[in-house]
Each structure stands twice: as C-alpha cells, then as structure tokens.
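J.: The structure's right below; bear with me while I get my questions together.
Chains as they are written, first to last, in this note's numbering: chain A, 776 to 1019; chain B, 2 to 385.
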C-alpha cells in the first residue's frame, strides 16, 4: 500500500541524453524512514517536515560528475520549508525560480513538492552553468500544475522560512525555540528582515495550544523580552520582535 | 488568515507567500510530536559495573590540548598530511608531558593491544574524519611499536566507511570493521537473516523505553527494533583499546564530537533515540563498560568541519577550523569543542547566543563520572 502511494506520488528523474552529453551513472532510492540509512541523525529534520522518498543520482555531463538528491516531501510547504532552513549565504539566488540558492560546488532549490540538491566538487563558473542546466531540466521534467503551485510569490531565499516543529525552528531561528519548547504540533511562517529581526505567524493544531502559547510570559525568556504576541484566531497568532 | 494578510499585518514588504498556503497545509502534515517525558533507561545497571584504571575520563581528567595550524588545510580545502602529523604529535606530547613521542603513545597503548580507531565517516568524503589525521595516528602508532595487524578502523556502517575512503586498499594491513555489513550487495545472508545480527553482542544492551517500528527498507540500517539497542561486538569483544577520532560538527545548537561519535556509532536501533533522547543517549551509552573502560584517547579532528547542517554535509556550512583537540577526557574535549563550533555559528549568524541546552549531554556525562563539563575546571593548553 505504501509502495503504491509512493508510485502515485512519483516524479520524473533525469535520464541519459536529456541534456546533451548527460549520462546517469547510478541511482538509488531511500523511501520513508530508510532515510536514516542515508543520513542517520540528519533525517529527523526531513521527517519532521513530512518526507516521502529521496532518490540520489550520480550523473556525468561534460566530463564533470554531479551528485543529485531529489527529496519528495508531503507538501509544497514542506519542500519550501526544508529548502528555507538550508539556504545560507547564496552567491546567486532566485534567478531560475523563486527559491534557489547557488554557491560554488552546490545548488539547491525547491520545486513543487521536490527539494533538490546538486553537488559537484569543481568550483568553476562552467560547472555552475551546468548546474543551472541540470536544475532547469529537472524543473521542466516536473511541470507544476495549478494545484501544485509554489507556496511563495516573490524571491524568498534567506528571507522567508517555514517550519513544522522544533528541529526546523532550531535551524531557522534558534532563539525562538524556548517559546515552543512545550509545543509539538504547530507550523510557522517566519520572515527575517534586513536587520535580522524576525516576525512570524504560527498555527497550532488546537485552540488550547494556541491559547496556552499566547498566555506565556515572554518577558521571562532570557534575552527575549522584546517579543510581542497577538492572537489572530482560535488557532493562529502573530509573533514579532520589536527590535534587538 | 492568508499569507498576504499575514505579511500585511506584519508590515513586511511584498506579498511573499502564496495566498492560503498555510490553510493548504493539512494539519495531519504537522508531523512533529509533542515533547515527551524522559524515558526510563537501564543507565543504573551500567553505573553498577566497577570502574577500571582505564575508565573514562582516563589518565588526564579535565585536560585538553588544542593545536591550531592554519596550514593544516590547503587552498582546495584538503587536509595536509604532514601538518596533521605534526599537530597530532604536538597534542600527544603536551597532553602527556613526555618529550618522546613514542613514549607518549605508549602511555595509552601497548603492542599487545587490539586498538580500534573510531572514526566518523557519515558525512561522506567532504565531512568525515580526515585521512590526514587518521593516517597520522596510524603512523605514530606504528612508530611506537604497534603492529598494523593490531589496528582496526571501525564504525557502524560499512557503506559509509567505504564511501569516505576507509578501505583496506587505502589502509593495507589494517582491518576495516563495521556492524552493518553487506555480502554480495545484500544486507542478508544465505539464511535470510540480517548479517549485522552476527555482529552484535546480545550480552550488552542499552534499554530505553522508547521504540519505533521500522519498515523493510529501514531495518538493515537499524539491525533490530524494540526498546533495546545492542552494542557491536567490535567494541565488546574485538578491541582492547579505543582511540576516538570524531570530526567537529554541530547538531543544531549542540555538537557531535566525542560522546556522540562513540554512542551512536556503537549500538543498533538508533533512530528511536534521535528525536527526544539524543542527549541522554550520548551520555548514557558512553557510561557502559565496553566504551567507558576502553576509550583511552580522544583526538577530535577539526581540520575541516561544519557549523550548521550537521551531521550531514551541506557545503554552504563546511569550514576549516584548522584545529585538533586531544584529551583522554571526552567530556572536556567536547566542552572545548562546543565553544569552538558554537562560536563559529554565532560569528556566522546562525545562532545569536550560546544555550545551556547545547551542553545537556555533557552535564549528564559529568554526573556519570565520565569527565569534566565544568569549563572552569578544564585545563586547556593551546598550541600553534
């Protein structure tokens, strides 16, 4: 049953010749919990977001070898979320899509429910251009339908974060972790402005959790006295740092 | 509230997030479980075992040598063998107070000992214990009279050792050992049983009242499910001494150094222990005699490392610390390493300030008598 579900949710991988000279050397799939076999402790973060399967490919193009990892997440938000917490110090960002980040040797992007990383040990600009072509081919392979539209509408790299639990929050904005220490079921959109000041909207599973969260004495948290929280609905509230 | 309204309320410029996206996130997709109570474990059984003269924290409680050399990594981010050799040698001499390197090594090991180097290969070729440091240790062991046949490089997973270059081809005459092994590209033997079941010691187990059920894909990487994690025979039966050689990595706002490398590398069924029981596992597993009484030295490899994204290797977070830490006290080494790694996280803007939560496992380990977490009580010797 689980296998059937995975097949229904499958996506298209790169194949030989899809861009001139492309050869797929190997490929391996890591569904569900087996991600522990691939990255052991690091898999917790992916599982927290809602992870379905990962496929790794080793490909060669123009005599350069690339490692590609396709992470299929449960939702578009989860794919963006896992991208958002891995995005850092991009040398080039958001030029192919609204959420892609490039540094020499490494490109990552999200596309619908896919979070994709491309790695190559070569730092040259030519390799960066090949990564662009590989990324574009992957996106063209997996056209987004209206139902799978992207969860952000402007370049978001390094500005917006989406988290679905405490592991994601510790990666996006660890200084807010104490607020959420006693809460497990929530999702949170975070925005970080140019002065590294965060604001966010959190949604809880239950109205009780939301009420309990908003009633916390935020001034009691060490070094975090300038937090303002306002409840917006039974299960949602907005958190702002006034300044730091 | 949709995202447009949300960011308008916040006064954030632009409509960044697609309208209704949070509403589109089914609550069932909120995977994160509520934090749980600390589960019951069998740590008290471990603590009843009498300590030996080699029990942690070993010969030099609370003493750490930090050796830094900016030439230890070249312009291609590759560790330099000759510099690593000198750094390890300097660390050993300063730790022991010896003038002769061979004598320094012989304070910890003898030619009769079967010696295991517990490396960390899980970050792949770019973020694993370096061959420069591993090779330096092996060379110095040989120079001090230890035969190669008595040296073992080991970790939990054969695939990861191979992928990171820890092979018998690269290290001729040295055994490469793992708990999770394959034959003919299969985790299963002809009898249909997991090969790794032959490599675990049913007499030594860490019990924790938390469990996960594994599917067929996952079980070979866990060896068993249930509430017990079994120690590998490598450390319970096949080695007399262990030299712990972790690499400097973060795990969120904590670090994965000596304790984590030993604990999670020596037992089965670890997935269940990561989420809410990570600190406890790191400290408690090390309190069991197969580790507590055999780890005689820790050499934390910080030539390369990472300050975020750990334990995986995310290239944007890799860095050169150009440092090794040497000590017999794994808790003290971890405490010094914590400051180095968290300091880098703060400098890079990944964290605003240090948190006591990052050193929970160190405080626990200190309570179990494994070493010194109190920084004021650590003697730190810095050398360049």
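Glycine residues also receive a C-beta, built at the ideal position from the N, C-alpha and C atoms.
Remember, it's a predicted structure, so these values are computed and weren't measured experimentally.
Let me know the secondary structure DSSP gives residue 1001(A) once reduced to three states.
T.: coil
J.: Give me the Cα-Cα distance between residue 241(B) and residue 806(A), rounded to the nearest whole angstrom.
T.: 38 Å
J.: Does residue 1005(A) pass the burial test, meaning 16 or more other C-beta atoms within 10 Å, or should it be called exposed?
T.: exposed
J.: Between the stretch 310–325 of chain B and the stretch 810–817 of chain A, do at least 3 Cβ pairs fall closer than 8 Å?
T.: yes
J.: Are there 16 or more other CB atoms within 10 angstroms of the CB of residue 385(B), so buried, or fewer, so exposed?
T.: exposed
J.: Less than 8 Å between CB atoms is the rule here; does residue 315(B) satisfy it with respect to chain A?
T.: yes
J.: How many angstroms separate the CA atom of residue 804(A) from the CA atom of residue 838(A)?
T.: So the alpha carbons of these two residues sit roughly 25 Å apart.
J.: Pull out every residue of the stretch 249–282 of chain B whose Cβ sits closer than 9 Å to any Cβ of chain A, in chain order.
T.: Taking 9 Å as the Cβ-Cβ cut-off against chain A, the residues of the stretch 249–282 of chain B that qualify are 252, 253, 254, 257, 261, 265, 271, 272, 275, 276, 279.
J.: For residue 983(A), which residues in chain B fall below 9 Å Cβ to Cβ?
T.: Within chain B, no residue comes near residue 983(A); the closest Cβ sits about 12 Å away, beyond 9 Å.
J.: Just to confirm my understanding: we take residue 349(B), look at its own chain, exclude 5 residues before and 5 after, and list those with CB closer than 7 Å. What are they?
T.: Taken in chain order, the residues that qualify are 308.
J.: Return yes when the Cβ of residue 149(B) is within less than 8 Å of the Cβ of residue 177(B), no when it is not.
T.: no
J.: So residue 65(B) packs on residue 334(B), CB below 8 Å; how close in whole Å?
T.: 5 Å
J.: Strictly by DSSP, which residues pair up with residue 1006(A)?
T.: 1012(A)
J.: Identify the residues that DSSP records as bridge partners of residue 886(A): which are they?
T.: DSSP lists 889(A) as partners of residue 886(A).
J.: Specify the secondary structure class of residue 378(B) as computed by DSSP and reduced to three states.
T.: In the structure shown, residue 378(B) sits in a helix (DSSP, three-state: H, G or I).
J.: Against residue 814(A), what residues of chain B qualify as contacts under a CB-to-CB distance less than 7 Å, listed in chain order?
T.: 313
J.: Do the stretch 76–83 of chain B and the stretch 126–142 of chain B meet, that is, are 3 or more Cβ pairs less than 8 Å apart?
T.: yes
J.: How is residue 230(B) classed by DSSP in three states: helix, strand or coil?
T.: strand
J.: Under 8 Å, Cβ to Cβ, is there at least one residue of chain A near residue 285(B)?
T.: no
J.: Taking only the alpha-carbon atoms, compute the straight-line gap between residue 380(B) and residue 111(B) and give it to the nearest angstrom.
T.: 27 Å
J.: Do you know how far the Cα of residue 181(B) is from the Cα of residue 221(B)?
T.: 7 Å
J.: Give a yes or no on whether the C-beta atoms belonging to residue 853(A) and residue 887(A) are separated by under 8 Å.
T.: no
J.: Should residue 109(B) be listed as close to the ligand SAM, given that the test is whether its C-beta is under 7 Å from any heavy atom?
T.: Ligands are entirely absent from the displayed structure, and the ligand SAM is therefore not among its contents.
J.: Kindly say whether residue 903(A), judged by its beta-carbon, lies nearer than 8 Å to any beta-carbon of chain B.
T.: no
J.: Determine, for residue 864(A), whether the minimum Cβ-Cβ distance to residues of chain B falls below 8 Å.
T.: A Cβ of chain B is located within less than 8 Å of the beta carbon of residue 864(A).
J.: What does residue 345(B) reach in chain A if we use C-beta pairs closer than 7 Å?
T.: Near residue 345(B) there are no residues of chain A at all, since even the closest Cβ is about 13 Å away, more than 7 Å.
J.: Nearest CA to the CA of residue 270(B): which residue from 257(B), 235(B), 224(B), 286(B)?
T.: 224(B)
J.: Are the CB atoms of residue 326(B) and residue 337(B) nearer to each other than 8 Å?
T.: yes
J.: What residues are listed by DSSP as bridge partners for residue 964(A)?
T.: 937(A), 976(A)
J.: Less than 8 Å between the C-beta atoms of residue 855(A) and residue 893(A), yes or no?
T.: Going by C-beta atoms, residue 855(A) is not nearer than 8 Å to residue 893(A).
J.: Does chain A have any CB closer than 8 Å to the CB of residue 219(B)?
T.: yes
J.: Which residue spans inside the stretch 148–198 of chain B form an unbroken alpha helix (DSSP H) run of at least 4?
T.: 159–164
J.: Between residue 376(B) and residue 72(B), what straight-line distance do the alpha-carbon atoms span, to the nearest angstrom?
T.: Just so you know, the alpha carbons of residue 376(B) and residue 72(B) end up roughly 28 Å apart.
J.: If you count every other CB in all the chains shown that lies within 10 Å of the CB of residue 357(B), and 16 or more means buried, which is it?
T.: exposed
J.: I want to verify the contact list: residues of chain B whose CB lies under 9 Å from the CB of residue 811(A), in sequence order.
T.: 215, 219, 222, 223, 271, 272, 275
J.: Would you mind stating whether residue 207(B) and residue 296(B) have Cβ atoms separated by less than 8 Å?
T.: no
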